[in-house]
Amino acid sequence: MAGAGTKTAPKPEQTVWFTICARNYIAYAQTLFISLRNHHPDAHFVIFLADAPLRSEDLGQLTVPIDTPGFEIMAAADLGIPHFADMTVRYDVMELATAIKPDCFRHLFSQADAKRAIYLDPDIYVTSALDQVNRAFDQDEALVLTPHIRRPFPDKAHPDDTQIMRAGVYNLGFAAMRACSDVSRLLDWWSEKLKVTGHNDLSRGQFVDQRYMDLAPAFVERTHILRHAGYNAAYWNLHDRVINRAYHNDDKHWTADGDPLAFFHFSGVVPGHRSIFSKHQNRYERGDIGPLARLLDAYLDHLDANGQAYFSQIPYAYDHDVDGLPITNLMRSAFASRFPDGSPLSEPANTRAKFDVAWIMRAKKEGDVPPLLSQAWQARPDVQHAFSLETQAGRDQFTRWFAREGAQMFDLPSPVIDACTATFSGEALAGAKAVLARGASRVLAAAPSLRPLYRHIPVTTRARVKTALFRAAATPGEQPAEQANRAATGGFDENRTPGVHLYGYLQAKSGIGASARGLAHLLDGANIPFGTISFSNPGDERESEPFIARKAPRSGYRISVINANAEQVLVLDELIDPNRLAGTYRVGYWAWELARFPQAWISALDRLDEVWVPSSFVADSLRAVTKKPVHVLPHLAPDVTAAPQTPAPLPAGIPRDALIFLTALDLNSYLERKNPAATIAAFKSAFATSPDAPHLIIQINGVQNASADLATLRTAIAGVPHIHLLTEALSDGAFFALHRRADVFVSLHRAEGYGLNMAAAMAAGKPVIATDYSGNRDFMDETCAVPIAHRLIPVPQGAYPRAAGQVWAEPDHEAAVVAMRALADDPTHRATLGARASARIKAHSGSSPLRAQILARLADIDPALSVA
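Anchor point for the sequence shown: position 233 equals 490 in this note's numbering, and the numbering is continuous, going up by one each time.
The following block contains the structure:
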C-alpha cells in the first residue's frame, strides 16, 4: 500500500468509501473526503490512484495529512491485477481509472469486515448524509445505482436522450455495493469485461465502465434504483430537479426538490474559470443555474484550498513506458486492436509496461494494413476519403502516404517514425523508376520556390512539364492531380479561367467575416476576376451592410482562396461540394492566436497548396509545422474616415463632451483571450477617485449565446457609473462611428492573430493602448501606439481550444494604468499619436499596399493574372 494512512479496524457491516483518480486530481479527491467527513465523521475513505504513487514532495502538499485515521491512498499497481500493465497501455487515464473500479470493490470486500462499499467520483461534493443509501442496505439491498435522468430532456441541447443512452442508463460516478454472492459474481464479470473492453468508444457501443451496468439489475436480484433528487445531481439532470439553498434555524443547507441534497456531481468544471458550469454540455450557463452558482463557487474555492494549482501539474505516469517511450492515443488504439483479448503484458507481476514498437507495426496476416496504420486511417475521415482499403492498390497507396507524411502528422515518437520509415519506405518506390520518382517528387515539393523561374515558360509547355512530373512521381493506381494528401499539388487546370474563387464567411459579423469582405474589396479594386461563395453557421450574427458578391464563370476560376481557419478546412466538404476545388490551386487564409499551431489541425494543410496569414506571429506558428509556402497578407484595415458619417451609438449617461476610452470584443470568441477584465481593472485603478473620470465603453458582439460571460462583465463593472456595456448589434458603419467618437482604444488582450479592432482604431486616427504581444506587433510600436509590457503565462485549462502546454501574455497592470492616465491628461499627445497611428496602419494594411501585395502573389501563382 503506497502512502497508506493509519488503518482503523473495520466495524461489523462497516461502510468503506472510495474514489479513483490520477495524481493530478488529488485536490478533487481531498475535497470529496473533507465534504464526506463533514456528514459522516467516522467514514473510512480510500483513494485508489490510477497512476504512480505520490512522491514524498507530493505528500507534503496534502491538505489532509497522510496519517489521518481512516484516510488511505493506494496505488492501483498494488491491487494485484494480473493484466494491469496491459491496461496502462491499452487505456488512457480516464479509461484506466474506470476499468479498475470492480477490482477496487473486490479489494475492499477482501478485507475481513468490510461489507459495504460506496464509490464516488472525485469531482463529487457531499452536502448531507447519504441516509438513503444506508437505508437501502439496511433493507438488505445489494446494489444501489442512480439513473442519469428521471425525465426526458425538454430541448435539443447537449446532452440529449440519445447521448445518455449511449453513455449508459446509470451514472457510475456513484455506485454502492454490499458484499454478497450476487455482487461477487457481478464484480467478477464486470472486471473480466473491463480487462480489454473499457474504452471510450461510443461508435462501438462502449463507454468505459458504465454501459455494462445497464445489465446489473438483471444480474443482481436485490438492486435498488435510487431516484431521489438529492443523489448524483449534475448538469445532465438539472432539468428534472430544482436545486436550492434553504434556511432552517439559522442553518443553511442545500435541497433538491425540497429534500436534502446528498451530493452534487461537478463534472466538467474548469478551475480558474468560474463562468464555466460544465464544459461537457451547452444547456446551462452559469447565469442559468440560480442558487447553485454559490455552491459552484464554494466548490472551486475548496479545490484551490486543497492544492489544485500544485497537483494539477503532476504528469500522468503511464503516458510513457518503463523506458520513457511516449505512448500516444493512436498507439494505444493500435495496441488494443492488435491484442483484442490480451497481450504479452498480461502476465502476473507486471505493473509497468515495456512497449515493443513491433506490436503495432506488424500486420496480423500478409496483405493486411498494420494496426498503427489501420487506426490512423480510421481516425481521419479525410484519409478514408483519399485512400480505400478495399483494394490492394488502395492499401499500398495509403501505406506509402503514411511512411512519407502520416507518422509525423500524428505526432508519433521518433522510434515509431523510424520503424515506419524502415518498414515501408523501401516498399513505397521500388525498381528502376525509383530514382526518377524521388526526383520528380522533390521538384514538385519545391515548386512554389521555383515559380519565379518557370513563370516565364509558356503556359502550355509548363502544363506538360507539370503533368509529366506528376506521372513520374506517382505510383500505379494513384490519381495524382486530385490526391487529397500530397506535399504540394503544384498547379491548376489550365482550361479554367484565370481568376480567383473566394470562399468565406462574407456575411458574418466577426473578424473572419471582416477578413473575407476585405479580400473581396482588394480583389475588386485590383480588377482581378473573382467569384464568391459565402459560408454560414447556424446562429451567426450577419452584417447588415452589403458586401461585394460575384458569380464565377461556368469553367471556374483557377485559384481558390478559402478564407476559413484550419478547423473549418478540416470539414470543408460539409461547407461546399469538394468537386468545386478540383483542378484549382488552393490557398487557405488562416488566423491563429497562440504561438504553437495545433497538431490536431495540421492535416488541414493537406488540402492546400499554400497558406496566407495576417501576421508574422501566425506565420511563425505555421512555418514550424509545414514546408508549404506561408505568406503574410495583413487584413485590410477599414477606411473608417471614409465610412458614412452616422452618429456614434453612445450608451445613455455619457455627456456630449466626455473623454471616451473604448474596447471591443466578440463573445463568440473566448473571454479570457480578449481579457476585458484587465481593461476594467486598469480603468478602475486609473480613475476610481476622479470626480470627472473619463468613460469606458465596452462594445460587445455575440451576446445572445454567452449569458454567463455577459453576467461576468456586468459583475465586474457593478457600481462603477463611468463604465458602460454596449451590447446591441452594430453595423460596420455604426462601429466605425463609435471609433471616430472615441478618444482612446484599449486592448489588453492575451493574444491576437492580427487585431482588427486595433487596426480600425488606428485607421480612425486614435491612439491605442495594447498588449505588446502577438499579431498587432506587426503594425504597432511605441512610435504610433502605447505598447504594454507583459509576461508570458500558461494558458489555463479550458480557456482556449487546443491550448495544452501553450502560453500567452499577461499585460502589466501598472503600465496600463500609467498609459491611461497619461493619454487622458494630454490631448496633444493623443492627437500626435493618433496621426502617427493613422499613417502607420495605412502603410501597413491600407488598400493600396495590400492590392499590390495580392496582385504580386496571384501573378506568381498564375502569370495570366499579371496583366489583369
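Virtual Cβ for every residue (Gly too), placed ideally from N, Cα, C.
Collapsed DSSP secondary structure at residue 458 in the structure displayed: In the sequence shown, the residue the question calls residue 458 occupies position 201. Here residue 458 sits in strand by DSSP.
Supposed close pair residue 1005, residue 958 - CB separation, criterion 8 Å: Stepping through the sequence shown from its first residue, residue 1005 is reached at position 748. Stepping through the sequence shown from its first residue, residue 958 is reached at position 701. The Cβ separation is near 18 Å, so there is no contact.
Residues bridged to residue 404 [DSSP beta-bridge criterion]: Residue mapping note: residue 404 aligns to position 147 of the sequence shown, counting from 1. In the DSSP output, where bridge partners are listed per residue, residue 404 has 427.
Cβ distance (whole Å) where residue 816 is taken to contact residue 778 below 8 Å: As a working note, residue 816 is residue 559 in the sequence shown. As a working note, residue 778 is residue 521 in the sequence shown. Their Cβ separation, rounded to whole angstroms, is 17 Å, which puts residue 816 and residue 778 out of contact at 8 Å.
Three-state class that DSSP yields for residue 271 in the structure shown: In the sequence shown, the residue the question calls residue 271 occupies position 14. In this structure, residue 271 counts as strand in the three-state DSSP scheme.
Limits of the alpha helix (DSSP H) - the one that residue 971 falls within: As a position in the sequence shown, residue 971 is number 714, starting the count at 1. Note, residue 971: alpha helix (DSSP H), 964–974.
Residue environment, residue 459, which counts as buried when at least 16 other CB atoms sit within 10 Å: For this step, residue 459 is matched to residue 202 along the sequence shown. Exposed, by the Cβ-count rule.
For residue 581, three-class secondary structure by DSSP: As a working note, residue 581 is residue 324 in the sequence shown. In this structure, residue 581 counts as coil in the three-state DSSP scheme.
N-terminal and C-terminal residue of the beta strand (DSSP E) that residue 331 is part of: To locate residue 331, count along the sequence shown from 1; it is residue 74. 328–332 is the extent of the beta strand (DSSP E) around residue 331.
Beta-carbon spacing of residue 487, residue 518 below 8 Å: For the purposes of this step, residue 487 is identified with residue 230 of the sequence shown, where counting begins at 1. For the purposes of this step, residue 518 is identified with residue 261 of the sequence shown, where counting begins at 1. For residue 487 and residue 518, yes; Cβs fall inside 8 Å.
Contact set for residue 260: own chain, Cβ-Cβ below 7 Å, skip 5 residues either direction: On the sequence shown, residue 260 is found 3 positions in, with the first residue counted as 1. With a pLDDT of 45 at residue 260, under the threshold of 50, the predicted position of this residue should be treated as unreliable, though the coordinate-derived value follows. The answer, listed in chain order, is 310, 311, 316, 323, 330.
Given residue 497 as reference, the closest of 412, 543, 446, 464 once Cα atoms are compared: Translated into positions along the sequence shown, residue 497 becomes position 240. Looking at the Cα atoms, 412 is the closest of the given residues.
Integer-rounded CB distance, given that residue 875 should sit under 8 Å from residue 849: Along the sequence shown, one-based indexing puts residue 849 at 592. Along the sequence shown, one-based indexing puts residue 875 at 618. Residue 849 to residue 875, Cβ: 5 Å. Contact.
Alpha-carbon spacing of residue 1065 relative to residue 573, whole angstroms: Here residue 1065 refers to the residue found at position 808 of the sequence shown. Here residue 573 refers to the residue found at position 316 of the sequence shown. When rounded, the distance between both Cα atoms is 24 Å.
Assumed close pair residue 286, residue 272 - CB separation to whole angstroms, cut-off 8 Å: To locate residue 286, count along the sequence shown from 1; it is residue 29. To locate residue 272, count along the sequence shown from 1; it is residue 15. Actually they are not in contact, since the Cβ atoms of residue 286 and residue 272 sit about 18 Å apart, beyond 8 Å.
Residue of 482, 754, 553, 1075 minimising C-alpha distance to residue 245: This structure gives no information on residue 245, because the portion of the chain shown stretches from 258 to 1125.
8 Å Cβ cutoff met for residue 587 and residue 538: In the sequence shown, the residue the question calls residue 587 occupies position 330. In the sequence shown, the residue the question calls residue 538 occupies position 281. Against a cut-off of 8 Å, the Cβ pair of residue 538 and residue 587 comes out as no contact.
Cα-Cα separation, residue 727 to residue 577: Residue numbering aside, residue 727 sits at position 470 when the sequence shown is read from its first letter. Residue numbering aside, residue 577 sits at position 320 when the sequence shown is read from its first letter. A caution first: residue 727 carries a pLDDT of 45, below 50, which makes its placement in the model unreliable, though a value can still be read off. Roughly 41 Å separates the two Cα atoms.
CA nearest to the CA of residue 560, picked from 1053, 913, 1063, 320: Counting from one through the sequence shown, the residue named residue 560 turns up at place 303. Among 1053, 913, 1063, 320, the Cα nearest to that of residue 560 is on 320.
Residue 278 - partner residues in DSSP beta bridges: The count along the sequence shown starts at 1 and reaches residue 278 at position 21. Paired residues: 306.
contact_flag[the region 421–432, the region 396–413] where n(CB pairs < 8 Å) is 3 or more: yes
Residue 656, enclosing alpha helix (DSSP H) - first and last residue: To locate residue 656, count along the sequence shown from 1; it is residue 399. Where residue 656 is concerned, the enclosing alpha helix (DSSP H) stretches over 649–658.
Entirely enclosed alpha helix (DSSP H) segments - the region 998–1072, minimum 4 residues: 1013–1020
Nearest neighbour of residue 282, chosen from 937, 296, 1013, 308 [CA to CA]: Counted from its first residue, the sequence shown places residue 282 at position 25. The residue with the shortest Cα to Cα distance from residue 282 is 308.
Three-state secondary structure (DSSP) of residue 520: Here residue 520 refers to the residue found at position 263 when the sequence shown is read from its first residue. In the structure shown, residue 520 sits in a strand (DSSP, three-state: E or B).
Start-to-end residues for the alpha helix (DSSP H) that takes in residue 391: Looking up residue 391 in the sequence shown gives position 134. Note, residue 391: alpha helix (DSSP H), 388–395.
Buried or exposed by the 16-neighbour rule on C-beta atoms within 10 Å, applied to residue 1062: What you label residue 1062 is simply residue 805 of the sequence shown in a count that begins at 1. Its Cβ having fewer than 16 others within 10 Å, residue 1062 is exposed.
Residue 1001 beta carbon less than 8 Å from that of residue 1080: Working through the sequence shown from its first residue, we reach residue 1080 at position 823. Working through the sequence shown from its first residue, we reach residue 1001 at position 744. A contact, by the Cβ cut-off of 8 Å.
Three-state secondary structure (DSSP) of residue 464: Numbered from 1 along the sequence shown, position 207 holds the residue referred to as residue 464. Reduced to three states, the DSSP call for residue 464 is strand.
Residue 510 versus residue 541 - alpha carbon distance: The sequence position of residue 510 within the sequence shown is 253, counting from 1. The sequence position of residue 541 within the sequence shown is 284, counting from 1. Computed Cα separation, rounded: 23 Å.
C-beta contact flag for residue 602 and residue 343 at 8 Å: As a first step, residue 602 is located in the sequence shown; it is residue number 345 there, counting from the start. As a first step, residue 343 is located in the sequence shown; it is residue number 86 there, counting from the start. Yes, they are a contact pair.
Inter-residue Cα distance where the pair is residue 367 and residue 471: Position 110 of the sequence shown, counting from 1, holds the residue named residue 367. Position 214 of the sequence shown, counting from 1, holds the residue named residue 471. For residue 367 and residue 471, the distance between alpha carbons rounds to 25 Å.
Anticipated Cβ contact below 8 Å, residue 646 with residue 655, distance rounded: Position 389 of the sequence shown, counting from 1, holds the residue named residue 646. Position 398 of the sequence shown, counting from 1, holds the residue named residue 655. Correct: roughly 7 Å between the Cβ atoms.
Per-residue burial, residue 360 [other beta carbons within 10 Å of its own, 16 or more giving buried]: Against the sequence shown, residue 360 aligns to sequence position 103. Under this definition residue 360 is a buried residue.
Whole-Å CB distance - residue 443 paired with residue 473, under 8 Å assumed: Along the sequence shown, one-based indexing puts residue 443 at 186. Along the sequence shown, one-based indexing puts residue 473 at 216. With a Cβ gap of about 6 Å, residue 443 and residue 473 count as contacting.
Ordered list of beta strand (DSSP E) runs contained in the region 843–870, each at least 3 residues: 867–870
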